[in-house]
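The opening residue of the sequence shown carries number 0 in numbering that gives the first Met the number 0; numbering runs sequentially from there. Ideal placement from N, C-alpha and C gives every residue a C-beta, glycine not left out.
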Amino acid sequence: MISPADVWEALDALALEQGLTPSGLARAAGLDPTTFNPSRRISPHADGRGDMRWMALPTLLRALDVLKISPAQFIQGLDGAGRGAGQASVTRLRGLPLSRLQGGGLFNSAGHPTGVQWEDVTLPCAISGDAYAVRVDTDALEPLLREGSSLVVMPDMPPRRSDRVLLLQPGIQPVVGILVDNTARHRGVAPAPALPVSASASHPQSTGDMSGRTAEGLRWGVLPYKNSQAGGEDVQGNVCGMEETVVPVQEGKSGVWVHRIVMATF
């Protein structure tokens, strides 16, 4: 039997496949931005117990219209043969728009998302570890990442040279791009080992070799995606062109995080 939770979960998965958070889907459907928020899915009872409520049919139809899914297709996915078996796992995790990652109190001392500012999002696959989602709410990263797409970020997975990463540093906008070794680029030396998960001053033992400073900045840097049309990687993964646009990683400074991007939805 189909339950209200099945409907909400299926809608979340379809929205995330198209790079939409619950609030983003609601806005696209012309609804109140909080319509699909987790807190709105609970129906309070007189005895104080809350159960998952059924979604109103007009609301569901407007959401499906945005997602380009017919009601018949949606119902078939809910009640089709093998439902619950062989389907991709669904993972709930925290998420925020890219523009809101500058705020304080979003990460704990280990670089994991914390606090009440995060939204609840659903990912249509299994993700291990303390991952979080970032919705791209700007067109500055196009054509590589379109506005409305979502990134899955793994703070516990050490980034390596040429990985796609999210750089978070106090006082600057979050940077999505490619991790590069400034020492290797400027001096022609062998690439440095993987960057530690934390570049924060709270973990001085993980700050790496600071002797690799260059005139451009510190040893590590991030080549932003917004400059990818003018400079990018060659077939071996070596960064070329637009060197002056590399954002240096301020290792040893509190609140600096370089988190590895493991997935993107378009």
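Considering residue i, what are the terminal residues of the alpha helix (DSSP H) in which it resides?
i          : result
residue 23 : 21 to 27
residue 65 : 56 to 66
Find out if the Cβ-Cβ distance for the pair residue i, residue j is shorter than 8 Å.
i           : j           : result
residue 6   : residue 77  : yes
residue 97  : residue 118 : no
residue 165 : residue 260 : yes
residue 132 : residue 115 : no
residue 120 : residue 20  : yes
residue 162 : residue 143 : no
residue 100 : residue 167 : yes
residue 105 : residue 224 : no
residue 222 : residue 257 : no
residue 51  : residue 4   : yes
Run through the DSSP bridge pairs and tell me what residue i is partnered with.
i           : result
residue 132 : 94, 151
residue 106 : 112
residue 179 : 220
residue 42  : 50
residue 119 : 93
residue 246 : 221
Identify the continuous beta strand (DSSP E) that holds residue i and give its terminal residues.
i           : result
residue 219 : 219 to 223
residue 256 : 256 to 264
residue 13  : From DSSP, residue 13 is part of no beta strand (DSSP E) but of the alpha helix (DSSP H) over 3 to 16.
residue 167 : 163 to 167
Ignore the nearest five residues each way along the sequence and tell me which others in residue i's own chain have a CB closer than 8 Å to its CB.
i           : result
residue 24  : 10, 14, 35, 62, 65, 66
residue 22  : 32, 33, 35, 36, 118
residue 46  : The predicted position of residue 46 is uncertain, since its pLDDT is 48 and thus under 50; a value taken from the coordinates is nonetheless stated next. So the list is empty, once near-sequence residues are dropped.
residue 69  : 63
residue 113 : 104, 105, 106, 107
residue 53  : 3, 6
Residues in the same chain with beta-carbon distance under 7 Å from residue i, minus the five sequence neighbours each way, listed in chain order, please.
i           : result
residue 30  : 58, 61
residue 102 : 116
Between residue i and chain C, is there a C-beta pair that is closer than 8 Å?
i          : result
residue 76 : The structure shown contains no chain C, having only a single protein chain.
I'd like the list of long-range same chain contacts for residue i, defined as Cβ closer than 6 Å, with 5 residues on each side in sequence excluded.
i          : result
residue 28 : 61, 62, 65
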